[in-house]
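Chemist:
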Amino acid sequence: MSKKELVFLPLGGSGEIGMNMNLYGVGSPANRQWIMIDCGVMFGDLTTPGIDLICPDPSYILEEKEALHGLLLTHGHEDHIGAVALLAPKLGCPIYATPFTAALVERKFEEYDVTDVELNVIDMNARFELGPFDIEYVTLTHSIPEPSGVILRTEFGTVLHTGDWKIDKSPSLGPLTDSGTIKKLGDDGLLAMVCDSTNVLSAGESGSETAVKKSLTKLIAEQEGRVAVTTFASNVSRVVSICEAAMAADRSVCLLGRSMLRIVEAAGEVGILPKGLRFVDPKNAGHLPRQHVLYLCTGSQGEPRAALSRIARNDHRDLTLSEGDTVIFSSKIIPGNDREIYNLQNDLVELGVKIITEKDEFVHVSGHPCREELRAMYEWARPSISIPVHGEARHLEEHAEFALELGAEKSFAPRNGDLIRIAPDGPERIDEVPAGRIYLDGDVLLPDGAAPLRERRKLSYAGAIAVSLVLDHKGGLADDVIVEGIGVVDDEETGPEDAGLADDIEDAVLALPKTKRSDDEAVTLAVKRAARVYYDEVWGKRPVILTHIHRTKS
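What follows is the structure in structure tokens.
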């Protein structure tokens, strides 16, 4: 009989930033009892045309979902809750979240028409049992309300799963980090800490939201004309700071963008927003004097459908910016979004708008711990084992080394799919399980490698041509070959409708023996070969080739 053990299994977020999904199991390999922490997404990019959201593939745990006791959510960022509405009906387990996070999840359930999923709203610092796990939430600080670490007490020892965090010594909204509880974990003996690695390569500390608020208050007061500020909508502390800075400068605040409205509504619903915050309707804001209005916008990452991008394209129905106006980017550039953000900023400059970013003024601090904050956390928690997560490979490996310097006896830098025994005698990778991705394509979830994704990537590289030909009953061509193209080189010499390509296809088909011309597969192959040779010579690329064969009866 196999021995019982405590295991950790990341299915997303280890070896990448985003798409967090983590599992903990207790029991023998044949009879493990599981909990899941977080269920997030990452966003599609140029390599995934047509895809908005990418989720971790939960296939492994779906095969054991009868033993999955619950999904615990640490906070409300998309990379931690974005896949809940998509996957929760499949998981079939209860969900646990603090009030603000739960309010965001409920809105996602409404958006995706999810019903019959048990969502439990729990207090900050709640403690309860799920199967073999004694669960306790511990309050941290981050760039969104109600960030929580999760303490897992088991028969093998205690694990602290930090989720996302920083140490903000003077947060502008919400409580301080509950260092007392974490220190007691260290005093009692902490078996392992599974910890955020995002900023492990950055020296010093991440900085305080209160300091940013003071800087924004001074900066906004100095501006003339209209002011628009863009930030991450989920950073309610920053949103409140911007609103209070606007009021101090005698500016009314107008919210623009669906996610901004949704987050502010959820924050108000659970009582997080300070009393006295007022917002002006976009239809009325345009009638206010330019020096007395501030627009708080979505779109800090250059998202093409967000409010600020539409403003920069001059196609927003409620706001036009021009010479003398200012846009403040109270945010950072997330790696991979560089080009979109620079294009957005250039479009604004073309309108005559002044741009202020974190490189120009103190308008942003990170929500993740830099090295000095990590040092403090390890001094408090004193784990025997460190397991870095939430980072790319370079972050995880550096964190694993740094943890040993900070007093951890052992460390292990996992990758998605690594099944790690924490105890007894861990950490050790004991298996590797499937850990892929699934893609939200419209309203359909597709597995990695699905035909539509492969074909769309090919189309994005070299376009497609459609070839239509009509064969008579003797295998001769009854009409001219017709070629139409999308996304292929199209000029007088090398266009898809060039007579040369049609002639080459005609020659290739007629070169087939008559017996072969009655075979659609043989004709299709001849068409593809002719088209590929043609485009190799005139373009150097091979488009997708679609062949339509029509046959007459006479």
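Just so you know, full-length UniProt numbering puts 381 at position 381 of the sequence shown, and the rest follows in order with no gaps. Just so you know, even glycine gets a beta-carbon here, dropped at the ideal spot from N, CA and C. Computed from a predicted model, the values in this text were never measured in an experiment.
1. If you follow the alpha helix (DSSP H) that Cys297 is in, where does it begin and where does it stop?
2. Just the C-alpha distance for Ala97 and Arg542, rounded to the nearest angstrom, thanks.
3. Which residue's Cα is closest to the Cα of Leu440: Glu205, Thr48, Ile242?
4. Go through the segment 313-363 residue by residue and report every complete run of the alpha helix (DSSP H) that reaches 4 residues or more, in order.
5. Pick from Ala267, Gly271, Thr231, Pro369: whose alpha carbon is nearest that of Ala306?
6. For Ala211, which of Leu190, Leu477, Ser170, Asn235 has the nearest alpha-carbon?
7. Among the residues of its own chain, which have a CB less than 6 Å from the CB of residue 565, if the five just before and after it don't count?
8. Once the 5 residues before and after Lys275 are set aside, which same chain residues still bring their CB inside 6 Å of it?
9. Cβ of Tyr24 within 7 Å of Cβ of Pro434?
10. Out of Gly426, Ser411, Arg437, Gly407, which has the shortest C-alpha to C-alpha gap to Gly417?
11. Return the Cβ separation of Ala464 and Gly485 in integer angstroms, given the expectation that the two are a contact with Cβ distance under 8 Å.
12. Rounded to the nearest angstrom, how far is the Cβ of Pro147 from that of Trp165, given a contact under 8 Å?
13. Would the segment 113-131 and the segment 89-104 be scored as touching if the rule is three or more Cβ pairs under 8 Å?
14. Out of Ile505, Leu501, Ala381, state which residue places its alpha-carbon closest to the alpha-carbon of Trp539.
15. Give, in chain order, every unbroken run of the alpha helix (DSSP H) that is at least 4 residues long and sits entirely within the segment 435-479.
16. Between the Cα of Val467 and those of His550, Glu224, Ser309, Glu361, spot the shortest distance and give me the residue it belongs to.
17. Keeping to the same chain, check which residues put their C-beta closer than 7 Å to that of Thr154; ignore five residues upstream and five downstream.
18. Do the segment 452-461 and the segment 185-197 meet, that is, are 3 or more Cβ pairs less than 8 Å apart?
19. Within the same chain, show all residues whose beta-carbon is closer than 8 Å to that of Ile356, passing over the 5 residues directly before and after it, in chain order.
20. Comparing alpha-carbon positions, which option in Gly40, Leu201, Val365 lies nearest Leu11?
21. Taking the straight line between their C-alpha atoms, what separation do you get for Leu53 and Met260?
22. What are the boundary residues of the alpha helix (DSSP H) that Asn284 is part of?
23. What does His161 pair with, by DSSP beta-bridge criteria?
24. Suppose contacts are defined by Cβ-Cβ distances below 7 Å. Is Ala526 in contact with Leu510 by that definition?
25. Can you give me the Cβ contacts of Arg290 inside the same chain, cut-off strictly under 6 Å, excluding the 5 residues immediately before and after it?
26. Would the segment 337-346 count as touching the segment 372-383 if we require 3 or more Cβ pairs under 8 Å?
27. If you count every other CB in all the chains shown that lies within 10 Å of the CB of Val365, and 16 or more means buried, which is it?
28. Which parts of the segment 212-289 are runs of the alpha helix (DSSP H), unbroken and 4 residues or longer, counting only runs that do not cross its ends?
29. Please list, in chain order, all residues of the same chain as Ala245 whose beta carbon is under 6 Å from its beta carbon, the five residues on each side excluded.
30. Span of the beta strand (DSSP E) holding Gly70?
31. Would you call the segment 64-80 in contact with the segment 469-489, where contact means no fewer than 3 C-beta pairs closer than 8 Å?
32. Near Asn20, which residues of its chain fall below 6 Å by C-beta distance, leaving aside the five closest residues on each side in sequence?
33. By DSSP, does Lys108 sit in helix, in strand, or in coil?
34. Going by DSSP, what residue range makes up the alpha helix (DSSP H) through Ala381?
35. Look up Trp34 in the DSSP assignment and give the residues it is bridged to.
36. Output the distance between the C-alpha atoms of Lys283 and Arg310, rounded to the nearest integer angstrom.
Modeler: Concretely, from the data shown:
1. Not the alpha helix (DSSP H): Cys297 falls in the beta strand (DSSP E), residues 293-297.
2. 51 Å
3. Thr48
4. 338-350
5. Thr231
6. Ser170
7. Because the chain spans 1 through 554 in this model, residue 565 falls outside it and cannot be assessed.
8. none
9. no
10. Arg437
11. 7 Å
12. 6 Å
13. yes
14. Leu501
15. 451-462
16. His550
17. Leu6, Val26, Pro132, Phe133
18. no
19. Leu219, Thr326, Val327, Ile328, Phe329, Val363
20. Gly40
21. 19 Å
22. 282-285
23. Val150, Val194
24. no
25. Gly225, Arg226
26. no
27. buried
28. 236-248, 258-269, 282-285
29. Leu216, Thr217, Ile220
30. 68-72
31. no
32. Gly12, Gly13, Asp38, Gly40, Asp79, His80
33. helix
34. 371-381
35. Gly25, Leu68
36. 16 Å
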